[in-house]
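A.B. asks:
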Amino acid sequence: MTAFVTRFAPSPTGYLHRGHAFSALTAYEAAREAHGRFILRIEDIDRTRCRPEYDAAIFEDLAWLGLSWEEPVRRQSEHMEDYARALRELAERGLLYRCFRTRREIGEEIGRAPHGTMEVFRGQPLPAHEEAQKLAAGEPFAWRLSLEAAERTLGGFGALTFDDEARGEVQARPELGGDVVLARKDVGVAYHLAVVVDDAGQGITHVIRGEDLFEATHVQRLLQALLGLATPAYRHHRLLAGPDGKRFAKRDRAETLRELRARGMTADGIRKELGFG
């Protein structure tokens with residue numbers, strides 16, 4: 149029987165809500181039905197937004213929902229050297245460059261471009277002397293993946309595909325994301341790089357997550373190819389929305405599982421509401 153290993157990987161930047169519960173239960177039930185493994189991973193690389201109370205609440209809420217997981221739980225903050233190693237490999241192969249532009253400057257540049265000619269950022273390394281001056285002055289920078297160098301290294305992106313449960317074999321189009329940031333000075337690694345390193349290191353065979361991350365899969369497929377990592381199968385499930393039609397999100401203060409529990413809703417009630425009764 150082929151191994152089935154999936155994961156739920158929340159960030160402790162807020163309390164879990166119905167959308168998180170749906171995603172966690174979708175992955176958990178898929179693993180159970182496949183007689184596979186379910187892994188919990190804490191994605192806590194953003195130290196400015198992650199808080200201990202949110203971290204503790206993740207475990208409390210998931211246990212309340214009736215989920216169990218393997219121990220020990222991997223925390224990204226404890227594996228920064230893994231990401232630094234992957235970053236060094238990409239840099240040494242000329243696949244990254246230092247970008248000193250701010251988000252605002254990049255947004256303004258995209259906005260100034262003729263309509264339709266620059267929808268995402270594509271940059272170039274600075275001349276060596278100019279870069280050295282900025283480094284000497286201590287100017288902050290981000291490491292960006294050079295799509296131009298990546299395409300040259302792989303001989304094009306035509307062979308990059310991934311399996312998506314709803315769509316079948318998908319042709320990856322990493323160019324749609326532009327030259328993505330893989331690390332910043334204040335955060336040693338960005339989401340795209342950390343997640344592919346984690347998934348490979350934990351032997352994840354099936355990535356089950358929301359439809360909002362479908363586009364991220366294109367970039368992550370490219371990173372897997374550049375780093376020689378295995379490519380999981382993907383399932384991008386539907387996103388839950390509230391009565392107003394807006395999807396549940398932390399930033400919109402969606403009602404949390406803790407709040408639902410406090411007003412008397414049971415775990416069975418939530419599971420049935422989400423279709424897992």
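In terms of our numbering, the sequence shown has 161 at position 13, counting the first letter as 1, and numbering is strictly consecutive.
The beta carbon of each residue, even a glycine, is placed where N, CA and C say it ideally should be.
Identify the continuous beta strand (DSSP E) that holds HIS354 and give its terminal residues.
C.D. replies: Against the sequence shown, residue 354 aligns to sequence position 206. From DSSP, the beta strand (DSSP E) with HIS354 extends over 354-358.
A.B. asks: Put GLU434 into one of helix, strand or coil per three-state DSSP.
C.D. replies: Past the boundaries of the shown model lies residue 434; the chain is included only from 149 to 425, so the question cannot be answered.
A.B. asks: What do you reckon, are the CB atoms on THR353 and PHE152 nearer than 8 Å?
C.D. replies: Here residue 353 refers to the residue found at position 205 when the sequence shown is read from its first residue. Here residue 152 refers to the residue found at position 4 when the sequence shown is read from its first residue. Taking 8 Å as the Cβ cut-off, THR353 and PHE152 qualify as a contacting pair.
A.B. asks: Is ARG222 closer than 8 Å to GLN368 when the C-beta atoms are compared?
C.D. replies: For the purposes of this step, residue 368 is taken as residue 220 along the sequence shown, with counting starting at 1. For the purposes of this step, residue 222 is taken as residue 74 along the sequence shown, with counting starting at 1. Taking 8 Å as the Cβ cut-off, GLN368 and ARG222 do not qualify as a contacting pair.
A.B. asks: Report buried or exposed for PRO200, applying the criterion of at least 16 other Cβ atoms within 10 angstroms of its Cβ.
C.D. replies: Reading the sequence shown from its first residue, position 52 is the one you call residue 200. Result: exposed.
A.B. asks: With DSSP collapsed to three states, give me the class of GLU319.
C.D. replies: The sequence position of residue 319 within the sequence shown is 171, counting from 1. The residue asked about is misnamed: residue 319 is Gln in this sequence, not Glu. GLN319: strand per DSSP, three-state reduction.
A.B. asks: Are ARG321 and HIS366 close, meaning C-beta to C-beta below 8 Å?
C.D. replies: Along the sequence shown, read from residue 1 onward, the residue named residue 321 stands at position 173. Along the sequence shown, read from residue 1 onward, the residue named residue 366 stands at position 218. Their beta carbons are under 8 Å apart, which means ARG321 touches HIS366 by this criterion.
A.B. asks: Check whether the region 404-415 touches the region 375-389, taking contact to mean three or more Cβ pairs, one atom from each stretch, closer than 8 Å.
C.D. replies: No: fewer than three Cβ pairs fall under 8 Å.
A.B. asks: Have a look at the DSSP bridge pairing and note the partners of HIS384.
C.D. replies: Stepping through the sequence shown from its first residue, residue 384 is reached at position 236. Its beta-bridge partners are ARG357.
A.B. asks: Pull up the DSSP beta-bridge partners for LEU244, would you.
C.D. replies: In the sequence shown, counting from the first residue as 1, residue 244 sits at position 96. LEU293, per the DSSP bridge assignment.
A.B. asks: With a 10 Å radius around its C-beta and 16 neighbouring C-beta atoms as the bar for buried, classify GLY242 as buried or exposed.
C.D. replies: Along the sequence shown, read from residue 1 onward, the residue named residue 242 stands at position 94. So GLY242 ends up on the exposed side.
A.B. asks: Excluding sequence positions up to five away, which residues of its chain have a Cβ less than 6 Å from the Cβ of ASP203?
C.D. replies: Counting from 1 along the sequence shown, the entry for residue 203 is found at position 55. Around ASP203: PRO160.
A.B. asks: Assign ALA331 to one of three DSSP states: helix, strand, or coil.
C.D. replies: The count along the sequence shown starts at 1 and reaches residue 331 at position 183. Looking at ALA331 - three-state DSSP - the assignment turns out to be strand.
A.B. asks: Report the residue from GLY184, GLY214, SER216, GLY162 whose alpha carbon sits nearest the alpha carbon of CYS198.
C.D. replies: Position 50 of the sequence shown holds residue 198. Selected option, being the one with the closest Cα: GLY162.
A.B. asks: Look at the alpha carbon of ALA175 and the alpha carbon of ARG357, and state the distance between them as a whole number of angstroms.
C.D. replies: The sequence position of residue 175 within the sequence shown is 27, counting from 1. The sequence position of residue 357 within the sequence shown is 209, counting from 1. Near 8 Å, if we compare the C-alpha coordinates of ARG357 and ALA175.
A.B. asks: Answer yes if the region 223-231 comes into contact with the region 243-258, meaning at least three C-beta pairs across the two stretches below 8 Å, and no otherwise.
C.D. replies: No, because fewer than three Cβ pairs between the region 243-258 and the region 223-231 fall closer than 8 Å, the two stretches do not touch.
A.B. asks: Under DSSP, the beta strand (DSSP E) around ILE187 begins and ends at which residues?
C.D. replies: The count along the sequence shown starts at 1 and reaches residue 187 at position 39. Start and end: 185-190.
A.B. asks: By a C-beta neighbour count over all protein chains shown, 10 Å radius and 16 as the cutoff for buried, is VAL328 buried or exposed?
C.D. replies: As a first step, residue 328 is located in the sequence shown; it is residue number 180 there, counting from the start. Flag for VAL328 reads buried.
A.B. asks: Thinking C-beta only, is ALA169 closer than 8 Å to LEU213?
C.D. replies: Position 65 of the sequence shown, counted from the first residue, corresponds to residue 213. Position 21 of the sequence shown, counted from the first residue, corresponds to residue 169. It is a contact, given that the beta carbons lie within the stated cut-off.
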